[in-house]
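Q: Numbering (the UniProt record's numbering) for the sequence shown: 1 to 291.
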Amino acid sequence: MRMKYVLSEVLVGLWRNVTMTIAMIITMTVSLFLLGFSGLLYQKVGDMKELYYENVEVSIFLKTDVNEQQRNDLQAKLETDQLIKGVTYVDKQQAYERFQKMYADAPDLVNAVKPDQLPESFRLKLVNPEQYKNIYDQYKTTEGVDEIVDQSKLLDKVFGVLSGIQNFTLFISVVMAAAALLLVANTIQVAAYSKRREVAVMKLVGASNWFIQAPFVLEAVVAGLIGAILALGGLIAGKIVIGGGSLSALEGLITPISWSEILLSFPLMAGIGGLVTAITAWVTLRFYLRV
């Protein structure tokens with residue numbers, strides 16, 4: 001009987017303040033969507049770093065006048081270095097073949113370059129790509145070495161941009177969450193004020209604070225869960241639009257977001273939406289019931 005009463009009061013309360021309820025649900029939806037999106041983005045940036053840094057190379061380009069002794073000494077030193085996982089020697093012809101593949105869409109440029117114009121190099125796989133500076137300091141003054149290039153420098157710039165987008169999205173989600181919580185508190189206050197006489201009567205007849213607060217808290221929780229469901233729908237729609245649109249060409253560049261990752265984000269959004277709104281409503285009512 002009590003549970004039936006509480007549930008009926010929840011439905012009545014949501015309908016009584018329908019405009020504020022809709023505003024609260026919309027705000028919760030946007031904030032939870034941004035929270036879920038930033039969480040997925042954070043995970044994908046981490047996956048991309050792991051994927052790209054695993055395949056990153058350090059290139060040691062040799063001078064044009066390097067002799068065979070210098071080249072052999074450098075190769076022997078590289079192959080015994082504990083920081084290096086693998087060493088690949090690229091001669092001028094191999095460098096030219098790579099150049100042809102890289103600039104296949106620019107035949108004029110390819111025809112203007114001759115194999116002898118490209119330097120020999122050693123391509124290194126590091127045990128830990130973040131130890132590039134140690135490699136650079138150790139080999140920059142070695143005889144025959146012209147330049148040392150680390151691919152991770154470019155990746156750091158790319159990931160810096162992605163991290164900036166990630167942080168911005170997280171910041172906006174926090175701002176929207178704060179707005180949603182203020183709406184929750186305001187909605188609960190209005191609902192409690194509209195039922196102040198019923199609340200006063202229930203207190204006089206000995207009703208517990210929990211019994212009085214339960215319908216209001218559940219109103220907030222229901223709004224939070226509805227917001228989480230709509231936020232999940234937004235993530236699913238985003239996956240469909242991006243996967244079927246022009247951005248689908250990027251799937252070879254970035255690690256794609258799977259359906260399982262999107263679905264697994266729902267418990268997090270629902271848990272945060274339900275728990276935070278419940279706590280906000282409970283704290284608001286604690287102050288109200290003291291009056």
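Cβ atoms here follow ideal geometry from the backbone N, Cα and C, with glycine treated the same way. Computed from a prediction, not measured in an experiment: that's the story for all the values here.
1) With residue 269 and residue 36 assumed to form a contact (beta carbons below 8 Å), what rounded beta-carbon distance in angstroms separates them?
2) Suppose the cutoff is 8 Å on Cβ atoms and the five residues either side in sequence are ignored; what does the same chain contact list for residue 91 look like?
3) Between which two residues does the beta strand (DSSP E) containing residue 60 stretch?
4) Can you give me the Cβ contacts of residue 165 inside the same chain, cut-off strictly under 8 Å, excluding the 5 residues immediately before and after it?
5) From the DSSP secondary-structure annotation, give me the bridge partner or partners of residue 305.
6) Less than 6 Å separating the Cβ of residue 60 from some heavy atom of the ligand HEM?
7) Distance, Cα to Cα, residue 26 vs residue 139?
8) Go ahead and pull the three-state DSSP assignment for residue 150.
9) Tell me where the alpha helix (DSSP H) around residue 83 begins and ends.
10) When we look at the beta-carbon of residue 247 and count the other beta-carbons within 10 Å, is it buried (16 or more) or exposed?
11) Bridge partners for residue 145 per DSSP, in chain order?
12) Assign residue 102 to buried or exposed, taking buried as 16 or more other Cβ atoms, counted over all protein chains shown, within 10 Å of its Cβ.
13) Please go through the same chain and pick out, in chain order, the residues whose beta-carbon is closer than 7 Å to the beta-carbon of residue 118, but skip the five residues on each side of it.
14) When you compare only the Cα positions, how much space is there between residue 368 and residue 256?
15) To which residues of the same chain is residue 232 closer than 7 Å at the C-beta, ignoring the five residues directly before and after it?
16) Between residue 272 and residue 220, which are expected to be in contact by the criterion C-beta below 8 Å, what is the C-beta distance as a whole number of angstroms?
17) With burial defined as no fewer than 16 other Cβ atoms inside 10 Å of the residue's Cβ, what is the status of residue 183: buried or exposed?
18) State the CB to CB distance for the pair residue 38 and residue 173, rounded to an integer number of angstroms; the pair is presumed to be in contact (CB under 8 Å).
19) Am I right that residue 84 and residue 34 are in contact with their C-beta atoms under 8 Å? What's the rounded C-beta distance?
20) Over what stretch of residues does the alpha helix (DSSP H) that includes residue 128 continue unbroken?
21) To the nearest angstrom, report how far apart residue 28 and residue 124 are at their CA atoms.
22) Looking at the structure shown, is residue 265 part of a helix, part of a strand, or coil, going by DSSP?
23) How close, in whole Å, do the beta carbons of residue 61 and residue 88 come, if the pair is a contact with beta carbons under 8 Å?
24) Rounded to the nearest angstrom, what separates residue 167 and residue 19 at their Cα positions?
25) Can you tell me which of the three DSSP states residue 116 falls into?
26) Roughly how many whole angstroms lie between the Cα atoms of residue 286 and residue 31?
27) For residue 278 and residue 238, I'd like the C-alpha separation in whole angstroms.
A: In this structure, then:
1) By 1-based counting over the sequence shown, the position of residue 269 is 269. By 1-based counting over the sequence shown, the position of residue 36 is 36. Confirmed, Cβ separation roughly 5 Å.
2) Locating residue 91 in the sequence shown gives position 91, counting from the first residue. Cβ within range, chain order: 120.
3) For the purposes of this step, residue 60 is identified with residue 60 of the sequence shown, where counting begins at 1. Note, residue 60: beta strand (DSSP E), 58-62.
4) For this step, residue 165 is matched to residue 165 along the sequence shown. Excluding residues within five positions, the ones whose Cβ falls inside 8 Å are 41.
5) As displayed, the chain neither begins before 1 nor continues past 291, which places residue 305 out of reach and without an answer.
6) Of ligands this structure carries none, so the ligand HEM is not represented either.
7) The sequence position of residue 26 within the sequence shown is 26, counting from 1. The sequence position of residue 139 within the sequence shown is 139, counting from 1. Approximately 58 Å, taken between the alpha carbons.
8) Taking the sequence shown and counting its residues from 1, one reaches residue 150 at position 150. If DSSP states are grouped into helix, strand and coil, residue 150 belongs with the strands.
9) Position 83 of the sequence shown, counted from the start, is the residue given in the question as residue 83. Looking at the DSSP string, residue 83 is not in any alpha helix (DSSP H), and its letter there is neither H nor E.
10) Working through the sequence shown from its first residue, we reach residue 247 at position 247. Caution is warranted here: a pLDDT of 48 is assigned to residue 247, below 50, making its placement in the model unreliable, and the coordinate value is therefore given only provisionally. The residue is exposed, with fewer than 16 neighbouring Cβ atoms inside 10 Å.
11) The sequence position of residue 145 within the sequence shown is 145, counting from 1. Partner(s): 62.
12) Position 102 of the sequence shown, counted from the start, is the residue given in the question as residue 102. When all chains shown are included, residue 102 counts as exposed.
13) Here the question's residue 118 lines up with position 118 in the sequence shown. If we look at residue 118 and ignore the five residues flanking it on each side, its Cβ neighbours are 92, 95, 96, 99.
14) Residue 368 falls outside the range modelled here, since the chain spans only 1 to 291, and no answer is possible.
15) Along the sequence shown, one-based indexing puts residue 232 at 232. If we look at residue 232 and ignore the five residues flanking it on each side, its Cβ neighbours are 266, 269.
16) Here residue 272 refers to the residue found at position 272 when the sequence shown is read from its first residue. Here residue 220 refers to the residue found at position 220 when the sequence shown is read from its first residue. Incorrect: roughly 13 Å between the Cβ atoms, too far for contact.
17) In the sequence shown, counting from the first residue as 1, residue 183 sits at position 183. Per the 10 Å Cβ criterion, buried.
18) Position 38 of the sequence shown holds residue 38. Position 173 of the sequence shown holds residue 173. Contact holds; Cβ gap of about 6 Å.
19) Residue 84 sits at position 84 when you count from the first residue of the sequence shown. Residue 34 sits at position 34 when you count from the first residue of the sequence shown. Not really, about 43 Å apart at Cβ, beyond 8 Å.
20) Taking the first residue of the sequence shown as position 1, residue 128 is located at position 128. Where residue 128 is concerned, there is no enclosing alpha helix (DSSP H), given that its DSSP letter is neither H nor E.
21) Looking up residue 28 in the sequence shown gives position 28. Looking up residue 124 in the sequence shown gives position 124. Cα to Cα, the separation comes out at about 49 Å.
22) As a working mapping, residue 265 is identified with position 265 in the sequence shown. Note: residue 265 maps to helix in three-state DSSP.
23) In the sequence shown, residue 61 corresponds to position 61, counting from 1. In the sequence shown, residue 88 corresponds to position 88, counting from 1. Contact doesn't hold; Cβ gap of about 13 Å is too wide.
24) Against the sequence shown, residue 167 aligns to sequence position 167. Against the sequence shown, residue 19 aligns to sequence position 19. Cα to Cα, the separation comes out at about 32 Å.
25) Position 116 of the sequence shown holds residue 116. The three-state reading of DSSP puts residue 116 in helix, counting H, G and I together.
26) Translated into positions along the sequence shown, residue 286 becomes position 286. Translated into positions along the sequence shown, residue 31 becomes position 31. When rounded, the distance between both Cα atoms is 25 Å.
27) By 1-based counting over the sequence shown, the position of residue 278 is 278. By 1-based counting over the sequence shown, the position of residue 238 is 238. The alpha-carbon atoms of residue 278 and residue 238 are separated by roughly 29 Å.
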